[in-house]
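Mapped onto the numbering used here, the consecutive letters of the sequence shown carry residue numbers 1 to 204.
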Amino acid sequence: MTTYYKDGFYDDANGGFVPESAVEISQEKYLELLNGQAQGKQIISNKRGEPVLIEPQPSAAHELNPDTFTWEISPEKLIALLTERKNAVLLRLATKADELKTGLLAGYPQTEIESFYRQEKEALAWQADHNTPTPMLSQIARVRGVPLEVLISKVIEKSAQFAVAIGIIIGQRQAFEDRLMAVQTLEELEPLSQEIAQWQFQVN
1 MTTYYKDGFY DDANGGFVPE SAVEISQEKY LELLNGQAQG KQIISNKRGE PVLIEPQPSA
61 AHELNPDTFT WEISPEKLIA LLTERKNAVL LRLATKADEL KTGLLAGYPQ TEIESFYRQE
121 KEALAWQADH NTPTPMLSQI ARVRGVPLEV LISKVIEKSA QFAVAIGIII GQRQAFEDRL
181 MAVQTLEELE PLSQEIAQWQ FQVN
């Protein structure tokens, strides 16, 4: 059996169809091409119609140089591509920050989450003036069976902890954004994009 190539592989086994002008390749070359393709490379034909392996096309904006078999991009298209990818990373960064914030609230029902602002407001007002009415906190304390002042202390403590955590997330997101805006090349963008993807909440 003989193997041929022309925009794909063919063989003449059992009278198989072989396109006109297809070039014959050795079994070793055939296996080399298949292995390279399995590793993510592309197979194209050189000027003699012979199959060769090249790196995959980086983007639709890149064009193949037929003399060097390398992908090239014009300065104008490069600027547009970099801007497009930076905007995509910026969107992923915002999503990541929201995911981290949501993680802080894991285990709380939405009804309670929506009450946090009102709880903090009542707690701070009561802390400043013990005569201030606390309709929500008073009911929570009564049903829960804890003294109002104990509940208020816990609300203020948790509110402060949450504020610190949110401040860390916001600060890190803004730090990433500052670095992202300073990126000038696609090569610089990729490791920063990976760093953002791996970002985990940590108390410094």
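From the three backbone atoms N, C-alpha and C, an ideal C-beta is built for every residue, glycine too.
Rounded to whole angstroms, the gap between the alpha carbons of residue 168 and residue 82 is 28 Å. Within the DSSP bridge table, the entry for residue 137 names no partner.
The beta carbon of residue 141 lies closer than 6 Å to those of 148, 151 in the same chain, with the five residues before and after it left out.
Counted as a single uninterrupted DSSP element, the stretch harbouring residue 69 is not any alpha helix (DSSP H), since DSSP gives it neither H nor E. The shortest CA-to-CA distance from residue 90 to any of 202, 185, 106, 179 is the one to 179.
The Cβ atoms of residue 6 and residue 49 lie closer than 8 Å to each other. By the Cβ neighbour-count rule, residue 108 is exposed, with fewer than 16 other Cβ atoms within 10 Å of its own. The C-beta separation of residue 104 from residue 119 comes to about 16 Å, leaving the pair out of contact by the 8 Å criterion. With respect to residue 166, residue 96 sits apart: the two C-beta atoms are not nearer than 8 Å. Pairing residue 42 with residue 19 gives a Cβ-Cβ distance that is not under 8 Å.
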